[in-house]
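Here the protein sequences line up with chains A, B, C, D and E, keeping their order. Residue numbers are given in our numbering: position 468 of the first sequence equals residue 1861, and the series is strictly consecutive. Residue numbers are given in our numbering: position 28 of the second sequence equals residue 191, and the series is strictly consecutive. Residue numbers are given in our numbering: position 21 of the third sequence equals residue 23, and the series is strictly consecutive. Residue numbers are given in our numbering: position 239 of the fourth sequence equals residue 248, and the series is strictly consecutive. Residue numbers are given in our numbering: position 371 of the fifth sequence equals residue 598, and the series is strictly consecutive. Beta carbons: idealized from backbone N, C-alpha and C, even for Gly. Written out below as structure tokens is the structure these notes cover.
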Amino acid sequence: MTIGALSVIWLLPLIGALIVAFLPPHLGKYMAVLVAVAALAVAVYVAVLFAPDYHRFQFTETFAWIPQLHVFYRLGVDGISIWLVVLNAFLTTIAMLATPLSTRNVSRFLALMLAMSAGMAGVLMATDLVLFYVFWEAMLIPAYFLLWLFGEGERPGRAALKFVLYTLAGSLLMLVGVIGEYVFQNVLPGQQTFDLAQLPSVAPSPGIQFGLFAVFALAFAIKTPLFPFHSWVPDAYAAAPTPMLVTFAGMMGKTGAYGFLRIAIPLFPDPTGLWDWRWVIPVLAVGGILWGALMAIAQRDMKMLVAYSSISHMGFIVLGIFALNVQGQQGAVLQMVNHGVIVPALFLIVAWIQDRTGSRDRSSVFGLAPRMPILAGVFTVVALAALGLPGLNSFVGEFMTLLGAWERAPALAIAGAIGLVLTPVYMLRLFQGAMYAEKPYASEVDDIHAGQLTLLAPLVVLMFALGLAPGVLTALMTSVAQQGLAR
Amino acid sequence: MAIAVFVVAALMAIAGGIGVITFHQPIRSVLSLVLVMLALSVLFLLLSAQFVFVVQIIVYAGAVMVLFLFVIALLGPARESGRGRLRFQAGLSGLFAVALFGLIYAMLQGVQYRQPEKTDLNVFGTVQSIAAGLFTTYLYPFELTSVLLLVAAIGAIYLSRRDER
Amino acid sequence: MGTFDIGGSQMDVSWFLLLAAVLFTLGAVGVLVRRNPLIILISIELMLNAVNLTLVAFSRQLGNLEGQLFALMTMTVAAAEAVVGLAILVDIFRTRDLEDIDDLSELKG
Amino acid sequence: MNQTLALLILGFPAAGAIILAGRGWRMPRIVTQIIGPLAVWSSFIVTLNLFLNHVNDDFTYWTWIKSGSFELPFDLLIDNLSIFMCLVITGVGGLIVTYSVGYMAHEDGPSYARFFTYMDVFIFSMLLLVLAGNFVFLIVGWALVGLSSYFLIGFWYQRRSAVLAARKAFVMNVIGDVGMILGAFVLFVSYHALTYSSVFSALKGPLCLVCVNPSQAADSPTIELAAFLLLVGAVAKSAQLPLHTWLPDAMEGPTPVSALIHAATMVTAGVYLVGRMHPIYDVAVYAHGAVAIIGAVTALFAATIAIVQTDIKRVLAYSTMSQIGYMFLAVGIGAYAAGFFHLLAHAFFKALLFMAAGNVIHAMHDEQDMRKYGGLWSQMRPTSVTFLIGCLSLVGVIPFVGFFSKEQILGAAFSKGDPLTLTVWGIGFLTALITGFYTGRMWWLSFWGKPSAQRPVEHPHEAPAVMMIPVAILAVLAVVGGFIQTRALGTGPALVSDFLEKVVTKPNWEESSGAVGAGIATMALATALFLAAYRLRPWSAVVPWAQRLLEHKYYFDEMYDAAFVRPMDAIAAIGYRDVEELVIDGAVVGAGEAAEATAGSLRLTQSGYFRNYVLVFVAGAIIAAVLLIVRAAS
Amino acid sequence: MIFAAATPDLTYSWNQALSDLGQVSAIAALTGFMLFAIIAELALPKPRRSGVVAMVAVTGFAYSLGTAAYRWINGLGGPAYHGYATGDSFALFFEILFAVLGILTVAVSHPYLERRGLREGEFHILVMAAVIGMMVLGSATSLVTVFLGLELFSIALYIACGFIRTDSRSQEAAAKYLLVGGFASAFVLYGMALVYGASGTTVIPQIATRLGPAAAGNPLLVLGIVLMGVGFAFKVSAAPFHMWTPDVYQGAPVPVTAFMSVGTKAAAFAMIVRVFASGLPHLGPEWQALLAFVAATSMIVGNLLAIAQTSLKRLLAYSGIAQAGYILIGVIAGGKDGLAAVLFYLFVYLFMNFGAFAVVTLLAGPDADHDRISDLDGLHRRNPLMAILMTVFMLSLAGFPPFVGFFGKLFLFTAGVNAGYTWLVVLAVVMSVVSVYYYVRVLVPVWSPTARTDELHAPVSTTAAIAISGVASVFLGLYPTWALIAGQVGVGPIAGP
């Protein structure tokens, strides 16, 4: 067995993590950045060599892992996962850079971050159901320790535990689903498979699909998070340290949405029993869009506001996925990338504001624009991207997902579009509230320094670039490796 | 005749059993158990188990029970006093015991017993036949009992050794 | 099939089994209600004896010697158990006066 | 070549904006003063070049996105309509940006650069809006002008009212954007394309691809739906009823902004939209009729409110709404060219009015209350003259440009002669009279009579040349502009109509002879009211309730506040407290607590008593036995 | 060859006896070493006894392990002693398991005993005896040998639990364990007697052949299954027969707890599989129903009660109860996959559970075991390696991939769903969520910021034992195939090749 590029993408950060953990702070950070950049380079290399319009997984690696149970170590990427893999590597790099050396036990922090990144990369690249599950669960471990040991607030341990238990409640039931898929798939005994490329063609009977879909969907819904399974999010995001949020908020939720796309949709083409799950989920997604926006409106804490906005945005992604057509699903993937670019930037900005003013409460942060003109400028772009301003990246994703939803059922798109109206309400309240006031902020606060600006710069550039030429991304999305997904 | 013996022995055994669980003095319980054992030994004899009969009297009733008596003598006659802490224990125990017995009884009803093997009752259960069994087919279990006893002995010695610290 | 001839009398194995069941239950009751640990130990011996009766009865009914051999093994085990049990109790008695098994309730929860 | 030129129209303002955004606040002021207007004027020149070369093409640049059957290029559509709009935007825009060089001179360096950045962004966005060759980039431009408007309204972010007004404008505009997005969805689902050319050619072919009965294709619910959804966008952007409430508040922005965005260009985007979408509206008769009705009603509605306003810019804002109502009326009845002619005319005289008012405000140290002016005629003669020209043009005094454009609209409505158009004509007629009155009130109040006792400045200075020259140019245009299109009166040229009717639909009815008379009579009456306003000003003492109603703008803000804003906040707050925390989170936390409580009580069974353990053991055995017996029995 | 066990075999020859001895050579060798250890204990001067006995024990375990491994590799093995014992791969699997357990136990307990001032060689002798008993159980193919093996290791453990003679908790544990154990033994024995009565033999494979399909529903056998079943459930500490477990685990010295938490469970499962799956296949529905009830109760009771614990030993005891429930799923599912999953899980449970307890041994002071969860306070600074390993053990027990516990559960649950026990599997995963709560709670003091900085000294042998457990917990997770193959080979004699 030779180690292929995809293995390198997740092994590199993992091995890097083991090394970084035992290095002194400075060296550890250099090493961590180096590892992250290397992984990003490999991911980009894969994206560059990626062939569009090829309906199988690419860069595949196969190794008989537990042959008795037909479990294989199978990696591969297709048009759906490739960009998420790149995004993950990219955000990891940003997160590494965003980690201040003053963090307590910084080497350990970086190591855990790298490990979490490795887990997420694995989730995105696994094409074997069991392997997917293994990565899916494994990434919880570093996430838990990060939240707990490096969390903010009064009781980060509690938030971490809530996150882990809630997520596990879903994902352990998903384990039943994984097993059920194995047991009930429509093949002769002894020929079962966990191969995600083949499973769509051996789907179980609709009644079974109904049950299996439910357990898978629950796991993905919790992770995404889909309304009303989101209550871990505010606690966890509030507790998470900012560099962690870059990948935690930027990437981890996407793995849930990715699960819907990679597993729930193709593996269960007809999940009907008492009702049809493919109608329930988009309705919940719309519920999430509206509810998340409303809750964001009600928040005073800026970090919580962004957290709820994230719930609202994830609703668009799930809605697009369950549009069950090309526009919706490609839009969803686009939107995953877009959201992955925007949310880290928002959290970073909120954190920097907190650093300087000592507060995240909207009522005590105001008039920063004259004090921090550069931050104000960048924040403007980020806020506009977040509220889906046409021309910036998020618009493309929202447009496509809603277009897809309209094609499926106009009512879904109309309800979702109300979310588009609510978004500027809270986003502008956040932005204007923090930036503008009749008088400048009471005390002198420093503007963001050059390092922080360079950290945001690539994100901001991407916001423009993805808005102007989203076709670059969709060009590769033509490669869809599974039946049942829109091509 | 045999039935009469059975009835008498059975009644003695039951009486002894009741004695075991009702006497307050441990020593009386022990003696009741000896009574049970003797009654059972009679039944063993009735069931053509001569060697078991002998062992029951000599080893079990004789040696093991004497050990109990020694311990009681060593520790002094401890009587149960007061009503104990678990108030519902006795009532519930009775109930459960009746239920347990009822279930066992119910399940023993109407059992289709297995066809007996053709056996020469003249040698069945004699010392010879037991010995032949023990040293050939039962060699392994027999050897295991020796290890068992050895371990029990070591353990007993260890536990009853005076603390040297 | 459950009957056999003893000295001319037809006896049924179920009588013996029933007697054993009674004794077994009595032993169990002893364990359940008695508080003196020695008596509990004795009650367990009673239960083992009841089983022995079952074994020997079946042995006779089946005309199969194994039951008796099994009964012998059981006696050995019972003896070993008694020895160890007594040793443990003696060990406890050496440090305190244990007249009620319910006094052994330091470990709980 | 032309392809590059078309892109350059967008390129200059974009480049200007980027340069000013990046380094502007560190550059000398003079650089900003040059780059800001230069970017716009360059665009103007390029547009003029295309205009003179009669370019008419659809230039495709790159594939923006391809997703299954959804494939969309970035393309720019150069035709007479877009060239016309570009000329208005860059021409009038250039004048206004130039004017701003003087008007904004008081701002400090960073703010100064910021202002011109925003202005260039706006010009870029507006040009993108009119040049876009497909619905998506139309929406992009549509939203970006909304954004620029947001920036510029909130330019003085130290003012809380400005910040709130900006947000209000943005959210209202987003409602419009959403309407347009949904409209685009309808069209895409029906025609599987979103470029104008594909959609419009599909419309001309077998119309409704998804209709059950193709014979209904001429006007199908699908088309009506799309037309109505697009209309939502138009209404929001052009501040028509019922999405108009943001425009008066938008006057919080600097005056050049009001002139450019909230009078001359952006707010007319709705008119452009209906004109651009004329193939759709020609088919969708109900939506088309709705355009006319909304326009007419808004025209009257806004004019009545303008009567009681005391803030000079607000009068102009309501006047703008009212005039755009006219344009809507025009395009709504199918007189597209008339609507666009009024758009042009309005750009001239309303920009003029705003800028002249800006001179006044400047001189009055940002005092905008007309009651505190008075007597400016003698002190600021050039400004007063230009303002008067604007007023007369607005009222429609012969031969100012407003007369010709307004006459053409009302004439078209009068001549078409069906009940709908006659009704809207009636409303238009009434509006014209009211226009005369409120304009007169504004004029007499501000410039005539004696200086008010509360006037902040006793001896106001006239504006500098950089401000005065653009105003003067516009004044000239307002005076002579009408003569390029006089054919409605029976004679003379009709340059605008001839130019535009290559693109938009020609009215299919003849101008009736009575229309000209009615038009002249209307304008005469309006002029009379303008003059009479000097005396009629204290009318409100007679009907105080009407005064109150108008001062509260028919209570629209209050209604919206009660119907949407406050319920939303309340639902959010209550939802957060009672649902999110109690139910959604409570269920999760509750499950954990329940487990802990169960554990706590189960723990009591582990009492430490040996005999209890045995009892449980026996109980377990009994349960097991019963289980198996029941199993066997069943 | 199968002997008619009931009749004396007067042709039994020396050669045959020696060959039979070969089949149980692991047991025989270990017994020999135990005798040697006893002699050494008696002969040597007191200060050196303990060390020498420990060495003898380790050597004995290693030798035994070698023997079993050799026979495993060469595929030797078959019935012995007229079918009363066997050296088949099932037996060898457990012999290997118990030998490894023995080595780990001695490695951990020797330093522990020194710390607690109990340098007594008897401890290792008892461990050896218990291992012998367990091995006997693993290789037993007769009810008699099953019972003797059961009693052998039980009696050794009764004593071992009370090994700290002066400690009231140790005494209490021993007394409770002995009394409840004796009570349960009586039940098992009664059940065995009834099965004997119904089948006329105690040799397990013959029970199956003699009874045949007609035996289904025979009340004698059903009663026998109930009585044996509750006794077996007691031994694997499954609810509601689990009540002794936490008390005994808490009272016993930590190495004993560690040893029996793994050993008792594995031996008892070997017994259940052997007796039920191999001996009573025709009554499958009956014993499966019984075990399903027990499994469900165990998972609920074990997991819920563990939440409320403050003592590590008790917590792990309840965790063990829950784990027994999971493993029972595999037994109930049966078949090659199910039983192989059981064997796999038992093997890996050895490492993760023993490792966890082994870390607790390090906390012991001279006067008492310090086993409160809070005693782990600051472990990451006091001994980082142990902190990492403890984390591995907890995560593995909680079933997080890529640690081995996850794969164990995966195999068990797959077999469960395959056999139609989806409800049981769903219950298992729901309760697993609860379990994460308390496993993670253990990690809280391990990694929380602390003021404690005094180094926690870990003796070499203990470190080695824990490290081996940790490495196994990780490696067997990353590549579980070999261990699973071993499990499949192991159940070959019972489930067919």
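Select from the options the residue whose C-alpha is nearest the C-alpha of residue i.
| i | options | result |
| --- | --- | --- |
| Gly596 of chain D | A:Trp1745, A:Phe1622, A:Gly1860 and A:Leu1878 | Residue identity differs from the one stated: residue 596 of chain D is Ala in this sequence, not Gly. With distances taken between Cα atoms, Ala596 of chain D lies closest to A:Phe1622. |
| Tyr1834 of chain A | A:Thr1773, A:Gln1876, A:Ser1757 and A:Ala1802 | A:Ser1757 |
| Gly1860 of chain A | A:Tyr1447, A:Leu1717, A:Ala1779 and A:Glu1454 | A:Ala1779 |
| Leu651 of chain E | E:Phe260, E:Pro672, E:Leu319 and E:Leu517 | E:Leu517 |
| Val1464 of chain A | E:Thr680, E:Pro707 and E:Val718 | E:Pro707 |
| Gly1708 of chain A | A:Asn1718, A:Ala1827, A:Phe1543 and A:Ala1806 | A:Ala1806 |
| Gly437 of chain D | D:Ser414, D:Gly458 and D:Val592 | D:Ser414 |
| Tyr447 of chain D | D:Ala296, D:Gly405 and D:Ala581 | D:Gly405 |
| Gly444 of chain E | E:Leu340, E:Gly511, E:Leu303 and E:Tyr239 | E:Gly511 |
| Gly249 of chain E | E:Val283, E:Ser366 and E:Phe584 | E:Ser366 |
Helix, strand or coil for residue i? Go by DSSP, reduced to three states.
| i | result |
| --- | --- |
| Tyr1834 of chain A | coil |
| Gly458 of chain D | coil |
| Leu431 of chain D | helix |
| Gln252 of chain B | helix |
| Met13 of chain C | strand |
| Met1453 of chain A | One detail in the question is off: residue 1453 of chain A reads as Thr in this sequence, not Met. Of the three classes helix, strand and coil, the one that applies to Thr1453 of chain A here is strand, per DSSP. |
Check the Cβ of residue i against every Cβ in chain A and list those closer than 8 angstroms, keeping chain order.
| i | result |
| --- | --- |
| Thr641 of chain E | Leu1462, Ile1572, Tyr1575 and Val1576 |
Under 6 angstroms Cβ to Cβ from residue i, same chain only, skipping five residues before and after it: list those, please.
| i | result |
| --- | --- |
| Gln463 of chain D | Lys381 |
| Ala30 of chain D | Thr126 |
| Trp674 of chain E | His607 |
Could you list which residues in chain B have their beta carbon closer than 8 angstroms to that of residue i, in chain order?
| i | result |
| --- | --- |
| Leu591 of chain D | Correct list: empty, because the minimum Cβ distance to chain B is about 41 angstroms. |
| Ile580 of chain D | Residues of chain B passing the Cβ test: none, with the nearest at roughly 55 angstroms. |
Taking residue i as the query, report the chain B residues whose CB atoms sit under 7 angstroms from its CB, ordered along the chain.
| i | result |
| --- | --- |
| Val627 of chain D | Phe259 and Leu263 |
Report the neighbours of residue i on chain E: residues whose CB is nearer than 9 angstroms to its CB, in chain order.
| i | result |
| --- | --- |
| Leu57 of chain C | Leu416, Met419, Ala420, Tyr423 and Gly424 |
| Met228 of chain B | Within 9 angstroms Cβ-Cβ: nothing; Met228 of chain B doesn't reach chain E, min ~16 angstroms. |
Mind listing the chain E neighbours of residue i? Cutoff is C-beta to C-beta under 7 angstroms, in chain order.
| i | result |
| --- | --- |
| Tyr70 of chain D | Those within 7 angstroms of Tyr70 of chain D in chain E number zero; the least Cβ separation is about 50 angstroms. |
Near residue i, which residues of its chain fall below 7 angstroms by C-beta distance, leaving aside the five closest residues on each side in sequence?
| i | result |
| --- | --- |
| Pro46 of chain D | Gly103, Val106, Thr107 and Val110 |
List, in order along the chain, the chain C residues whose C-beta lies closer than 7 angstroms to that of residue i?
| i | result |
| --- | --- |
| Ala401 of chain E | Ile90 |
Checklist entry - In the region 1428-1460 of chain A, which residues sit with their C-beta less than 9 angstroms from some C-beta in chain E, listed in chain order? => result Only those residues of the region 1428-1460 of chain A whose C-beta falls short of 9 angstroms from the nearest C-beta of chain E are listed: Ala1457, Trp1458, Ile1459 and Pro1460.
Checklist entry - Using a beta-carbon distance cut-off of less than 7 angstroms, what residues from the region 510-534 of chain E approach chain D? => result Answer in chain order: Glu513, Ala516, Leu517, Phe520, Val528, Leu531, Leu532 and Ile534.
Item to check | Under 8 angstroms (Cβ pairs) to chain C, residues found in the region 585-611 of chain D | outcome: Identification of residues in the region 585-611 of chain D having a C-beta nearer than 8 angstroms to some C-beta of chain C yields an empty set.
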